[in-house]
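Contents: one structure, followed by commentary.
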Amino acid sequence: MAGYQKEFYARRDTHASAVATSSREKGIILTLLIATFVVILNETIMGVALPRLKDEFQVEASTVQWLTTAYLLVMAVLIPTTGFLIQRFSTRTLFLTAMGL
1 MAGYQKEFYA RRDTHASAVA TSSREKGIIL TLLIATFVVI LNETIMGVAL PRLKDEFQVE
61 ASTVQWLTTA YLLVMAVLIP TTGFLIQRFS TRTLFLTAMG L
């Protein structure tokens, strides 16, 4: 093998080992994918439940739509805030604080 070929394969193997993900990282990615699916499902269920909410609480459709909009806006604020808090504090501290509230 020529010298440049050996160098190419050596770099490729080093890069492949650096890119390889551990089983813990794969578990984290899988958890995030499932959580994202649940968030989308939750928002979809909220949209499907509009007629039932309207009938149950005996309010107009516009009122239920505003409540749904408010819910989605709160979620839009809480999701990035949660990410910030997770970076700043340990998950144990956040969990204990949430259970204490």
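As numbered in the working numbering, residues 1 to 101 make up the sequence shown, in order.
From the three backbone atoms N, C-alpha and C, an ideal C-beta is built for every residue, glycine too.
- With a cutoff of 8 Å on beta-carbon distance, residue 46 and residue 71 are scored as near each other.
- The DSSP-derived three-state label of residue 21 is coil.
- Exposed is the label assigned to residue 59, since fewer than 16 other Cβ atoms lie within 10 Å of its Cβ.
- Within its own chain, no residue has a Cβ closer than 7 Å to the Cβ of residue 95 once the five positions on either side in sequence are excluded.
- Here the alpha carbons of residue 67 and residue 43 stand approximately 13 Å from one another.
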